[in-house]
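Engineer: Supplied in C-alpha cells, the structure appears directly below.
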Amino acid sequence: RAKADGRAVYRFFERRMDEAVRRKQELKLGLRLACERDELELRFQPFVSIEHGHVTGFEALMRWRHPTLGMVSPAEFIPVAEESGLITRMGEWALRAACREASRWPEGLRVAVNLSPVQFRKPGLVRAVTVALEESGLAPGRLELEITESVLLGEEEANLQILQELRALGLRIALDDFGTGFSSLGYLLRFPFDKIKIDRAFVQGLPDREDAKAIVSAIARMGQGLGISITAEGVETAGQYASLKLKGCNEAQGFLFSPPVPAQEVGGLLERLRASGELAA
Ligand code: C2E
Ligand code: MG
Ligand code: MG
Ligand code: MG
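Per full-length UniProt numbering, the very first residue in the sequence shown carries number 650; after that it's consecutive.
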C-alpha cells in the first residue's frame, strides 16, 4: 500500500518535472522569435521623491506577450534568456526602447534600465549604451542602469572597470535588490554607486517590525554618510511610506503609486500622480 502510494507520488512529480522541462523548452524556442515578432514590450513604473512628493523617473520592466501562453513574467523568461545567451540582444533592445521613450518625457525625468549579469560581461555593453543614448538624444544624466550584486561576483576588477566606463558616459549606476545578495558593503567601498534600492523584503516589514525598521534606518543613514541616494522598492501602503520618510529614505517605488504601465499611459499617470501629490500636501 505504502509502496503503491510512493509510486503514485513519484509519477506525480515525474509528470510535473516533464511539464516544467517542456515549458522551459517552449519558452527557449519562443524567445528566439519574440524579438523579431515584436512580442516584447516595456512597462514603466514610477519612482517618487519622498521629500517633494513628485515623480523623478520610471523603471523600465520587460514583458513578453507570448502568442499562446499569454503574459510571461520576466522572473521566468529572463533566466531562460540568460541561459541561451539571448539576453544580450533583448537587453540591447530594452536599452534602446527605454531611452527612446524617455526622450519624449518632460526634461527632469530619468529612466532606469535593468542589466543582467550575463549581459554585463559581454563585450560591447558600453558601445550598446552609447548607441542607445546617441540614437535617442537622451541626456546621459537621465539614464540609470540597475545592477544586482551578482553582477559584481567573479572577475571583480574587470567588472569594476566596466562600471567606471559606464559611469564615464555620464549616467548613473544603481545597486538593485540591496540586502539580498552577498558582501554588499565591500562593494560600496570599491565602487561609488549613485543609488541603492532597498529590497522589497525589508520594506514589507514596515512600519511595525522592529528588525525591519532597524535595517531600513541603518541603510538610510549609511546612504546619507556615503552621499548615495536610497530608494525603497515594493512600497505598497501609506504606513510603509510614512515610515520610509521618517527614516530619511530619498525615493519610493511600488504599487502604492502605480504598477508598471504601458508607455502610452505614462503621461496620464504623471498627471494623476501630480494631482494626488498636491492633494496630499
Ligand atoms: P526588479 O528590477 O527588482 O524589479 C522590481 C519588481 O517588483 C518588478 O517585477 C515590479 O513589477 C515588482 N514590483 C514593483 N512594485 C511592487 C510592489 O509594490 N509590490 C510587489 N509585490 N511587487 C512590486 P517584474 O516586472 O516582474 O520584474 C522582475 C524582475 O525581472 C526585475 O526585478 C528584474 O530583475 C527583472 N527584469 C525586468 N525587466 C528586465 C530587463 O529589461 N532586463 C533585465 N536584465 N532584467 C529585467
Ligand atoms: Mg530593478
Ligand atoms: Mg529590485
Ligand atoms: Mg529583483
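Note that CB positions come from ideal geometry on N, CA and C, so glycine has one too.
#1: For Q902, which of R849, S892, A924 has the nearest alpha-carbon?
#2: Examine ligand 1 and report whether any of its heavy atoms sits within less than 6 Å of the Cβ of A743.
#3: Between R870 and the rest of its own chain, which residues show a CB-CB distance below 8 Å, the 5 nearest in sequence each way excluded?
#4: So, does the region 885 to 893 touch the region 665 to 673, judging by three or more C-beta pairs under 8 Å?
#5: If you measure from each CB to the nearest heavy atom of ligand 2 and keep those under 5 Å, what residues do you get, in chain order?
#6: Does the Cβ-Cβ distance between E688 and W713 come in under 7 Å?
#7: How about A863: is its C-beta nearer than 7 Å to some C-beta of chain D?
#8: Measure from the alpha carbon of E805 to the alpha carbon of each residue in P723, G835, R791, then state which is nearest.
#9: Looking at I845 and ligand 1, is the gap between the Cβ and the nearest heavy atom below 6 Å?
#10: Please classify L792: does DSSP put it in a helix, a strand, or coil?
#11: Tell me the residue span of the alpha helix (DSSP H) that contains R686.
#12: For K846, count the other beta carbons within 10 Å of its own beta carbon; 16 or more makes it buried, fewer makes it exposed. Which is it?
#13: Hey, V721 and L676 are a contact pair by Cβ (cut 8 Å); roughly how many whole angstroms apart?
#14: Among R816, N763, A867, which one has its Cα closest to the Cα of P723?
#15: Check whether the region 871 to 886 and the region 907 to 917 are in contact - that is, three or more C-beta pairs closer than 8 Å.
#16: Between which two residues does the beta strand (DSSP E) harbouring T717 extend?
#17: Taking DSSP's pairing of strands, which residues face M711 in a bridge?
#18: Let me know if V884 comes out buried or exposed under the rule of 16 or more other beta-carbons within 10 Å of its beta-carbon.
Structural biologist: Checking against the coordinates, here is how it stands:
#1: Among R849, S892, A924, the Cα nearest to that of Q902 belongs to R849.
#2: Yes, Cβ of A743 sits closer than 6 Å to a heavy atom of ligand 1.
#3: Here the set comprises G897.
#4: Counting C-beta pairs with one atom in each stretch, the region 885 to 893 and the region 665 to 673 have fewer than three that are closer than 8 Å, which means they do not touch.
#5: Selection output, chain order preserved: N763, E795, D825.
#6: Yes, the pair counts as a contact, with Cβ atoms nearer than the cut-off.
#7: This model lacks chain D altogether; it includes just one protein chain.
#8: Ranking the options by Cα distance to E805, first place goes to G835.
#9: Not so, every heavy atom of ligand 1 lies at least 6 Å from the Cβ.
#10: Strand at L792.
#11: Taken as a continuous stretch (DSSP letters only), R686 belongs to no alpha helix (DSSP H), as it is neither H nor E.
#12: So K846 ends up on the buried side.
#13: Between V721 and L676 the beta-carbon gap is near 7 Å, inside 8 Å, which marks them as a contact.
#14: The closest CA to that of P723, considering only R816, N763, A867, is found on N763.
#15: Per the Cβ contact rule, the region 871 to 886 is not in contact with the region 907 to 917 (fewer than 3 Cβ pairs under 8 Å).
#16: That residue, T717, is in no beta strand (DSSP E); it is neither H nor E in DSSP.
#17: Per DSSP, L691.
#18: Classification of V884: buried, given that the 10 Å Cβ count is 16 or more.
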